[in-house]
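Enquirer: In the numbering used here, the protein residues as written are 9 to 447. All C-beta atoms, glycine included, are put in the ideal place defined by N, C-alpha and C. Provided herewith is a single structure, encoded as structure tokens, for subsequent inquiry.
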């Protein structure tokens with residue numbers, strides 16, 4: 009009986025040691041998982057810092073490259089403008105030389121004709137020759153004046169037509185730029201809304217997962233406390249069972265010694281007669297001990313079942329925690345392309361805002377220049393007919409100055425329109441390239 013009690017006492021001790029070992033394994037696994045989670049968080053933060061630094065470096069490189077290309081383009085445009093101005097200057101100088109040669113030739117012819125008329129007058133042709141010469145000179149001057157007036161009117165009409173065309177082209181360009189600016193603003197607003205939505209969703213998922221992990225850790229901690237309390241209660245019951253086994257062993261020895269009065273029960277020498285004279289009390293004590301044994305066995309069974317339930321629940325919680333960690337990693341993997349897309353959209357928004365600002369500045373400058381040109385044209389006095397008595401008194405300096413001024417204005421407006429068309433084509437090419445690269 010004593011051996012059986014000892015074997016029964018050894019089984020719960022083995023079970024308790026196994027449970028303690030399993031609990032220690034679970035604690036070690038939990039600490040390893042917490043360490044791995046902390047390491048993963050550190051790695052993620054380090055990767056995010058590296059990505060931010062890389063994006064800054066790429067942005068700086070792009071900015072340097074854009075500034076270099078912009079300076080090169082400005083230098084090219086300046087060279088082209090200088091070449092155009094040089095060609096226009098040469099053309100105007102050539103035209104001026106041709107006009108001077110033509111006027112010199114006309115003057116030479118007139119001098120020769122006048123010399124011939126003078127010689128004829130000296131020869132004695134008289135008053136008829138003088139009147140004929142004056143009439144011829146007047147007719148020639150009138151014809152030349154009419155031809156020059158028609159030519160100047162044609163040039164003025166051509167310049168007005170070109171100015172009208174340039175104004176129309178400028179208004180169409182301004183409208184197109186305004187539409188483009190509105191599209192860029194709407195696209196920028198849409199991108200900002202998408203970025204804020206993605207940030208809000210990702211932060212919400214991360215907070216939810218962190219709250220779930222914290223709640224699971226709290227439940228694991230409470231279950232560990234319950235397991236420790238159950239182990240302490242089991243040890244206490246085991247000690248009570250050992251004490252009851254010892255008492256039962258003593259009672260059994262006392263019953264065995266009732267038939268032989270020569271032997272004495274150890275530790276009960278003074279009460280030997282009382283034990284021998286009351287067997288009913290021994291039977292009651294045995295019944296109480298058996299009831300205590302059964303009660304202790306039931307408690308042991310209940311404790312074993314609760315321990316099994318706690319182990320099952322602990323394993324389920326570990327599985328749930330692993331599942332949550334897996335979901336956290338998957339959410340981080342899913343957030344990575346979203347973060348990259350967010351960075352690309354931020355970069356694109358910065359580029360679009362810069363281009364929009366440049367276009368608005370150009371539009372303001374063009375509107376200001378257009379107003380200045382209109383004020384100059386309105387404030388400039390119209391062409392007046394020169395009252396010339398002869399070919400020598402015809403003064404075309406004012407008309408030539410007006411024509412040169414109008415030509416220069418037309419050339420400036422044409423260069424501005426060409427520059428705006430180049431910028432617009434460049435922006436359209438960039439937009440098409442971005443749309444083709446968009447997934």
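Within its chain, find whatever has a CB closer than 8 Å to the CB of residue 224; leave out the 5 residues flanking it on each side and keep chain order.
Expert: So the list reads 325, 328, 329 and 332, once near-sequence residues are dropped.
Enquirer: From 69, 103 and 186, pick the residue whose C-alpha is nearest to that of residue 372; which is it?
Expert: Of the listed residues, the one whose Cα sits closest to residue 372 is 186.
Enquirer: Go through its chain and collect everything with a Cβ distance to residue 318's Cβ below 8 Å, but skip five positions before and after it.
Expert: Closer than 8 Å at Cβ, skipping near neighbours: 231, 234, 235 and 238.
Enquirer: When the distance is taken between beta carbons, is residue 192 closer than 7 Å to residue 360?
Expert: Contact flag set, yes.
Enquirer: Report all residues from its chain with a CB closer than 7 Å to the CB of residue 248; omit the five preceding and five following residues, and keep chain order.
Expert: The residues are 304.
Enquirer: Using 7 Å as the threshold, is the C-beta distance between residue 353 and residue 203 below it?
Expert: Closer than 7 Å, so yes.
Enquirer: Please report the straight-line C-alpha distance between residue 110 and residue 117, rounded to a whole angstrom.
Expert: Roughly 11 Å between the two C-alpha positions.
Enquirer: Please classify residue 101 as buried or exposed, where buried requires at least 16 other C-beta atoms within 10 Å of its C-beta.
Expert: Per the 10 Å Cβ criterion, exposed.
Enquirer: How about residue 252 and residue 300: do their beta carbons lie closer than 7 Å?
Expert: Contact: yes.
Enquirer: Only counting the same chain, and skipping five residues up and downstream in sequence, which positions put a Cβ closer than 8 Å to that of residue 337?
Expert: Contacts found: 48.
Enquirer: Where does residue 169 land, buried or exposed, given buried means 16+ other C-beta within 10 angstroms?
Expert: So residue 169 ends up on the exposed side.
Enquirer: Quick one: measure Cβ to Cβ for residue 308 and residue 217, integer angstroms, because I've assumed they're closer than 8 Å.
Expert: Wrong, their Cβ atoms sit about 41 Å apart, outside the cutoff.
Enquirer: Roughly how many angstroms separate the alpha carbons of residue 72 and residue 374, rounded to a whole number?
Expert: Distance between the alpha carbons of residue 72 and residue 374: 28 Å.
Enquirer: Would the beta-carbon of residue 242 fall within 7 Å of that of residue 311?
Expert: Yes. Within cutoff.
Enquirer: When the Cα of residue 377 is compared with those of 261, 323, 178 and 160, which residue comes out closest?
Expert: The candidate whose alpha carbon is nearest that of residue 377 is 178.
Enquirer: To the nearest angstrom, how far is it from the Cα of residue 98 to the Cα of residue 108?
Expert: Straight-line Cα distance between these residues: approximately 15 Å.
Enquirer: Alpha carbon to alpha carbon, what distance is there between residue 367 and residue 184?
Expert: Looking at the two C-alpha atoms, the distance is approximately 11 Å.
Enquirer: Can the beta-carbon of residue 339 be found closer than 7 Å to that of residue 213?
Expert: Against a cut-off of 7 Å, the Cβ pair of residue 213 and residue 339 comes out as a contact.
Enquirer: In or out: residue 198 buried (at least 16 other Cβ within 10 Å) or exposed?
Expert: The residue in question, residue 198, is exposed, as its Cβ has fewer than 16 Cβ neighbours within 10 Å.
Enquirer: What is the C-beta distance between residue 315 and residue 55, in whole angstroms, given that I count them as a contact (C-beta under 8 Å)?
Expert: The pair is not a contact, with the Cβ atoms about 43 Å apart (cut-off 8 Å).
Enquirer: Taking 7 Å as the cut-off, decide whether the C-beta atoms of residue 351 and residue 50 are in contact.
Expert: Against a cut-off of 7 Å, the Cβ pair of residue 50 and residue 351 comes out as no contact.
Enquirer: Using CA coordinates, which residue listed in 30, 44 and 94 is at the minimum distance from residue 323?
Expert: Selected option, being the one with the closest Cα: 30.
Enquirer: If contacts are defined as beta-carbon pairs under 8 Å, then residue 228 and residue 38 qualify, I think. What distance do you get, rounded to the angstrom?
Expert: Right, the Cβ-Cβ distance comes to about 7 Å (below 8 Å), so this counts as a contact.
Enquirer: By Cβ distance below 6 Å, which residues in the same chain neighbour residue 430 in space, the five residues on each side in sequence not counted?
Expert: No residues qualify anywhere along the chain.
Enquirer: Could you check the C-alpha separation between residue 398 and residue 124 for me, to the nearest Å?
Expert: Low confidence applies here, because residue 398 scores a pLDDT of 42, under 50, leaving its location unreliable; read the following figure in that light. Distance between the alpha carbons of residue 398 and residue 124: 18 Å.
Enquirer: Tell me whether residue 343 is buried or exposed, calling it buried when 16 or more other Cβ atoms sit within 10 Å of its Cβ.
Expert: Residue 343 should be labelled buried.
Enquirer: Should residue 79 go down as buried or exposed, given a rule of 16 or more other Cβ atoms within 10 Å for buried?
Expert: Residue 79 should be labelled exposed.
Enquirer: With residue 346 and residue 210 assumed to form a contact (beta carbons below 8 Å), what rounded beta-carbon distance in angstroms separates them?
Expert: Yes, residue 346 and residue 210 are in contact; Cβ-Cβ is about 7 Å, under 8 Å.
Enquirer: Between residue 334 and residue 67, how many whole angstroms is the CB-CB distance? I'm expecting something under 8 Å.
Expert: Contact doesn't hold; Cβ gap of about 35 Å is too wide.
Enquirer: In angstroms, rounded to a whole number, what distance separates the CA positions of residue 21 and residue 321?
Expert: Cα to Cα, the separation comes out at about 22 Å.
Enquirer: Evaluate residue 77 with the Cβ neighbour count: other Cβ atoms within 10 Å of its Cβ, from every protein chain shown; 16 or more gives buried, anything less gives exposed.
Expert: So residue 77 counts as exposed.
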